[in-house]
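Down below is the structure, laid out as structure tokens.
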Amino acid sequence: MSLPAGRAVLDLLDAHLEALWGGADLPLPQGPTQLAAGGGGELARWVLAQLQNLPREPHDVFVRQVGSLLAEFRSRRCPWNAAALRLLDDTNVFVATGPRRYEDWAHDVRAVLHRSVPDPRGWVRLGWDRTDSARHTVPAYPFDPPDASVLPSRLYPLTAEAAVAALAVMAEEWQSESAPVRSRPDRDSVLADARTLLGRYGPAACCWTNAKTAASDPAPDFLAAGLQGTESHRFLTSEYVDGLDLFEELGLIAVTDDEVGVFWSIGAY
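If you read the sequence shown in the numbering used here, its first letter stands for residue 130, the second for the next number, and so on.
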């Protein structure tokens, strides 16, 4: 099925900006006015105008400015993107959604962790996707996900509110967190963003975590414990790549009939 015209234009602009952010030297898409008029509308016209006004030199400054423009473009594109960037863009996390293609959704989770499927809606993905060369050594880096036959045994079901709290504490840092979510003045806003992210999957979504505290209780108090109080089954690689040791993690998986969402907070040094 072909994409709606508006989404196709915005997807093209997103890919173009990400390529520029990655250091590629590309001209503007041909016919920017016609491109915007073809379905992207006001947002497409805005981002093209901003891009045209960015000086190409010095190149490193141009790349930084493109990165900022890309973040603003993605935030304006939809509320889900904006919530993801507000909540998790400043922490070491992986956020991605893929299509549900198998009755055994463990295969879909593995596809998301291997980045072999796109977001069905073209929404933002966060993670070490852009320039990390470690995946030449470990294809799913930073993950080494268990086989589909084993994967469900390392996950426990969560209630909807516990899933919101698990996602909210991913806004924390693993080491030396000076302001845990439970004591932040914007605690309610953090939780609201977490609800927006999980709201994408609807009230019938099933949520799972690798946190061992959920083994005996589907409603653990993640806010009280914070990231530093969380022990989890390992989905990360144990390989020591490029001088980086991955040592702690908290994962959340949302499963629907149509989509699989994966959120992972990663501690590294």
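We put the beta carbon where it would ideally sit given N, CA and C, even for glycine.
- Around the beta carbon of R329, 16 or more other beta carbons lie within 10 angstroms, which makes this residue buried.
- A Cβ-Cβ contact shorter than 7 Å links A334 with T385.
- If you keep only unbroken beta strand (DSSP E) runs of at least 3 residues inside the region 310 to 352, you get 335 to 338.
- A294 and V238 have their C-alpha atoms roughly 21 Å apart.
- Around the C-beta of V319, 16 or more other C-beta atoms lie within 10 Å, and the residue is accordingly described as buried.
- E186 sits exposed, since fewer than 16 C-beta atoms from the chains shown fall within 10 Å of its C-beta.
- The Cβ atoms of T359 and L379 lie closer than 7 Å to each other.
- Counting along the chain, the unbroken beta strand (DSSP E) around F223 starts and ends at V222 to P228.
- Look at F191 here: in three-state DSSP terms it is helix.
- The alpha-carbon of L180 is positioned some 10 Å away from that of F191.
- By the criterion of at least three beta-carbon pairs nearer than 8 Å, the region 263 to 280 is not in contact with the region 330 to 350.
- DSSP, reduced to helix, strand and coil, places P208 within a helical segment of the structure shown.
- The Cβ atoms of A292 and L327 sit closer than 7 Å to each other.
- From the listed residues G196, L142 and L296, the smallest Cα separation to F223 is found for L296.
- The alpha-carbon separation between V298 and L177 amounts to approximately 36 Å.
- In the three-state reduction of the DSSP assignment, A383 falls in the strand class, which pools E and B.
- Membership of V176 in the alpha helix (DSSP H) is indicated by the continuous run G170 to Q181.
- Taking T266 as the centre and dropping the five residues before and after it, the same chain places the C-beta of V370 closer than 6 Å to its C-beta, in chain order.
- Exclusion of the five residues before and after S282 leaves no residue of its chain whose Cβ lies closer than 6 Å to its Cβ.
- With contacts defined by Cβ atoms closer than 7 Å, G251 and D387 do not form a contacting pair.
- With a cutoff of 7 Å on beta-carbon distance, A340 and L375 are scored as not near each other.
- A contact is defined here as three or more CB-CB pairs under 8 Å, and the region 345 to 364 meets this definition with respect to the region 299 to 318.
- Out of P286, A383 and N221, the CA that lies nearest to the CA of T342 is found in P286.
- Per the DSSP secondary-structure output, L365 pairs in a beta bridge with F272.
- At least 7 Å separates the beta-carbon of L157 from that of V195.
- Assigned with DSSP and collapsed to three states, W393 falls in strand.
- With a contact defined as Cβ atoms closer than 8 Å, A269 and H243 qualify at about 5 Å.
- Note on geometry: alpha-carbon atoms of F392 and L381 lie some 5 Å from one another.
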